[in-house]
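Numbering (this note's numbering), first residue to last: 37 to 293.
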């Protein structure tokens, strides 16, 4: 055992063993690298579609270690901010809301039952407003498409899988016509397949699927009439009904468990 210059008095380390940086310090370096890359993107120095400099150059440019930059790139790749193309380089993504909010849907699918009710509460705040906005912005072609989806829902009244598919398409079409990509991506993420499946299976088992399809029809008529307030009210009623059925399903599941 030999002493190493700079080691605290009384501490000795084996010769040839590399001193490792404490975990907290490594995380701080990664956070610094993330912040600096993000700042370069926000300032326009690295606009969407731009290829980042090679790792050694980027690390030197930011005054950070290569390992910190490497970890930062991994984090930003998982957040869909960067796209690592093997054998090519690392690029800034389009930074489109649909891309950056992609992880939200995955997170919602993993939520516990009580937290799903919180998600419904958020939907209750956002979906009626989005539907009211759609009433002012939908084109005749949008309304025709929505009408076709509604007919598909009626034809699939006892098929849970198809109802989930058409229900998703109905609400996505409504919100997408607002032209607000952030709102559309957010509500798509908050209305995951698992959540819809629980609601629709409860509706079918409770012989209430037709009632909910009629709620969709009421929303459609309000949109067709370009009535913003009625569209908001119809959407709020529908979300409240969905939440009530979700509570019923979750309570039954809890009782069975």
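Ideal placement from N, C-alpha and C gives every residue a C-beta, glycine not left out.
May I have the straight-line CA-CA distance separating residue i from residue j, to the nearest angstrom?
i: residue 125; j: residue 199; result: 43 Å
i: residue 70; j: residue 115; result: 11 Å
i: residue 283; j: residue 159; result: 15 Å
i: residue 285; j: residue 135; result: 32 Å
i: residue 80; j: residue 74; result: 10 Å
i: residue 89; j: residue 144; result: 35 Å
i: residue 100; j: residue 222; result: 35 Å
i: residue 109; j: residue 153; result: 35 Å
i: residue 207; j: residue 82; result: 35 Å
i: residue 236; j: residue 112; result: 36 Å
i: residue 180; j: residue 211; result: 15 Å
i: residue 201; j: residue 123; result: 38 Å
i: residue 94; j: residue 142; result: 32 Å
i: residue 72; j: residue 105; result: 10 Å
i: residue 228; j: residue 245; result: 19 Å
i: residue 131; j: residue 96; result: 25 Å
So which of the options has the shortest CA-CA distance to residue i?
i: residue 77; options: 128, 116 and 142; result: 128
i: residue 215; options: 178, 254, 202 and 150; result: 178
i: residue 205; options: 218, 188, 217 and 193; result: 188
i: residue 140; options: 240, 67 and 219; result: 219
i: residue 119; options: 87, 91, 191 and 92; result: 87
i: residue 102; options: 85, 66, 133 and 121; result: 66
i: residue 151; options: 261, 226, 239 and 112; result: 226
i: residue 261; options: 174, 148 and 147; result: 174
i: residue 203; options: 96, 255, 94 and 121; result: 255
i: residue 84; options: 104, 230, 133 and 279; result: 133
i: residue 234; options: 190, 72, 213 and 149; result: 149
i: residue 165; options: 197, 273, 277 and 63; result: 273
i: residue 248; options: 228, 269 and 278; result: 278
i: residue 250; options: 193, 142, 209 and 104; result: 193
i: residue 176; options: 213, 121, 63 and 229; result: 213
i: residue 240; options: 217, 209, 269 and 195; result: 195
i: residue 238; options: 289, 92, 121 and 269; result: 289
Below 7 Å CB to CB, which residues in the same chain sit around residue i once its five sequence neighbours on both sides are set aside?
i: residue 138; result: 116
i: residue 163; result: 223, 271 and 275
i: residue 57; result: Residue placement at residue 57 is flagged as unreliable, the pLDDT there being 46, under the threshold of 50; the coordinate-derived value follows with that caveat. Around residue 57: no qualifying Cβ.
i: residue 190; result: 249
i: residue 91; result: 102, 105 and 106
For the alpha helix (DSSP H) that residue i lies in, which residues bound it at each end?
i: residue 263; result: Premise fails: residue 263 is in no alpha helix (DSSP H) and is neither H nor E.
i: residue 88; result: Residue 88 -> no alpha helix (DSSP H), and no H or E assigned at all.
i: residue 120; result: Note, residue 120: premise wrong, no alpha helix (DSSP H); beta strand (DSSP E) at 118–121.
i: residue 221; result: 217–226
i: residue 233; result: 229–241
i: residue 112; result: 102–114
Nearer than 8 Å: is that true of the beta carbon of residue i relative to any heavy atom of the ligand SAM?
i: residue 256; result: What this structure holds is no ligand at all, so the ligand SAM is not there to describe.
Apart from the five residues on each side of it in sequence, which residues of its chain come closer than 8 Å, Cβ to Cβ, to residue i?
i: residue 264; result: 168, 169, 171 and 172
i: residue 253; result: 186
i: residue 242; result: 281 and 284
i: residue 155; result: 144, 147, 226 and 231
i: residue 217; result: 132, 133 and 134
Spatial neighbours of residue i within its chain, please: C-beta separation below 6 Å, excluding the five flanking residues on both sides.
i: residue 267; result: 167, 168, 171, 258 and 259
i: residue 55; result: With a pLDDT of 34 at residue 55, under the threshold of 50, the modelled position of this residue cannot be trusted; read the value that follows with caution. For residue 55, where only same-chain residues beyond five positions count, there are no Cβ hits under 6 Å.
i: residue 107; result: 66
What alpha helix (DSSP H) runs, 4 residues minimum, are completely inside the stretch 125–196?
133–136, 138–145, 149–173 and 176–191
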